[in-house]
Amino acid sequence: MDKALAAGRVVRVRRGVYGLPTEGAALGLALQHNAFVTCLSAAPAYQLWTLEKACVVHLSPGHKKTVPGTVTHGRILHPGHPWLPVAGLADVLIHALRCLPELEALVMVQCAAQRGDVTVEFLRRKLPGNRNARARAVLDYVIPRADSVLEVLANYHFRRAGLHVRRHVELQGVGEVDFLIEDCLVVETDGASHLEAKQVKKDRVRNNATVVGGRLCLRFGYAEVVHHPEQMVAQVLAVLEQSRRGSFSVR
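For the sequence shown, the numbering used here gives the first residue as 2, with consecutive numbering after it.
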């Protein structure tokens with residue numbers, strides 16, 4: 002531990018309590034104000050997926066005083082982290098669903114739910130009434146399995162576009178594909194590993210096998226899925242329209 006402290010890999014929050022450097026400031030602020038770190042700021046403590054790091058510390062003070070320069074959340078209703086001044090996972094996710102933009106909250110919940118740490122049904126019960134309608138709506142987009150943040154986001158955008166989407170479909174001669182849309186278009190979401198030479202060759206073989214098997218294929222990387230989803234959806238819709246018109250039929 003002394004070596005890790007000296008190297009800056011961990012920081013001492015208080016006697017007997019340590020954290021990562023990225024968490025240290027938030028944890029220290031929580032201890033200073035008798036509060037709990039929550040929402041997006043608590044994601045690292047539970048190793049949850051996120052789209053962005055928290056620019057402002059999110060705290061649940063547990064008293065009426067607000068902490069200047071922070072985002073203040075309601076009181077803690079569930080057991081907290083076993084040793085850190087961090088809200089329990091249930092409160093972290095409930096706060097995120099009420100506070101964050103849809104997609105930022107969705108990826109956090111998806112990560113926890115598919116690990117089995119919490120269920121969508123539990124969160125839905127904790128968010129009753131009209132004031133929580135927006136938060137509950139996010140839960141409709143949690144899926145049984147997502148291998149990456151990109152799959153979560155792509156599924157969200159395809160479904161919002163009204164497309165018929167099947168996930169993790171096994172195709173003969175191809176293997177498992179990320180998405181099969183309208184039963185004719187395969188869509189793959191490519192993370193950083195798909196840029197490796199070995200994976201590029203594998204993807205090329207799979208692409209060819211997809212077309213030979215009678216289906217079209219589109220691939221989208223991080224930039225398209227995260228930063229330009231409207232372009233991704235537009236391309237999918239364009240290919241589907243061309244397919245309906247018979248543009249890809251053999252002449």
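C-beta: ideal position from N, C-alpha, C; glycine also.
For residue i, is the classification buried or exposed, using 16 other Cβ atoms within 10 angstroms of its Cβ as the cut-off for buried?
{"i": "Phe-37", "result": "buried"}
{"i": "Asn-156", "result": "buried"}
{"i": "Arg-246", "result": "exposed"}
{"i": "Glu-152", "result": "buried"}
{"i": "Asp-141", "result": "exposed"}
{"i": "Gln-232", "result": "exposed"}
{"i": "Pro-230", "result": "buried"}
{"i": "Pro-102", "result": "exposed"}
{"i": "Val-139", "result": "buried"}
Just curious, the alpha helix (DSSP H) that residue i is in, first and last residue?
{"i": "Ser-244", "result": "230–245"}
{"i": "His-169", "result": "No alpha helix (DSSP H) holds His-169; the beta strand (DSSP E) holding it covers 166–172."}
{"i": "Val-178", "result": "That residue, Val-178, is in no alpha helix (DSSP H); its beta strand (DSSP E) goes 176–182."}
{"i": "Phe-249", "result": "Run containing Phe-249: none; DSSP gives neither H nor E here."}
{"i": "Glu-122", "result": "121–126"}
{"i": "Pro-156", "result": "Here residue 156 turns out to be Asn, not Pro, going by the sequence shown. That run of the alpha helix (DSSP H) goes 150–161."}
{"i": "Leu-41", "result": "Careful: Leu-41 lies outside any alpha helix (DSSP H) and carries neither H nor E."}
In the DSSP assignment, find the beta strand (DSSP E) that holds residue i and state where it starts and stops.
{"i": "Arg-220", "result": "217–222"}
{"i": "Val-187", "result": "186–191"}
{"i": "Cys-60", "result": "The question names Cys, but residue 60 in the sequence shown is Leu. Start and end: 59–61."}
Can residue i and residue j be called in contact, C-beta distance under 9 Å?
{"i": "Leu-217", "j": "Val-201", "result": "no"}
{"i": "Ala-44", "j": "Ala-26", "result": "no"}
{"i": "Thr-67", "j": "His-59", "result": "no"}
{"i": "Asp-92", "j": "Ser-42", "result": "no"}
{"i": "Val-234", "j": "Phe-159", "result": "yes"}
{"i": "Cys-100", "j": "Cys-40", "result": "yes"}
{"i": "Ile-182", "j": "Arg-167", "result": "yes"}
{"i": "Val-188", "j": "Val-108", "result": "no"}
{"i": "Ala-134", "j": "Tyr-47", "result": "no"}
{"i": "Arg-207", "j": "Gly-176", "result": "yes"}
{"i": "Ala-136", "j": "Ala-106", "result": "yes"}
{"i": "Gln-115", "j": "Pro-83", "result": "no"}
{"i": "Asn-35", "j": "His-74", "result": "no"}
For my contact list, residue i and residue j are in at a C-beta cut-off of 8 Å; report their separation, rounded to the angstrom.
{"i": "Leu-98", "j": "Val-110", "result": "7 Å"}
{"i": "Val-143", "j": "Val-121", "result": "5 Å"}
{"i": "Leu-28", "j": "Leu-85", "result": "6 Å"}
{"i": "Thr-190", "j": "Ser-149", "result": "7 Å"}
{"i": "Leu-154", "j": "Leu-219", "result": "Rounded, the Cβ-Cβ distance is 15 Å, inconsistent with contact."}
Are three or more beta carbon pairs between the segment 166–174 and the segment 224–233 nearer than 8 Å? no
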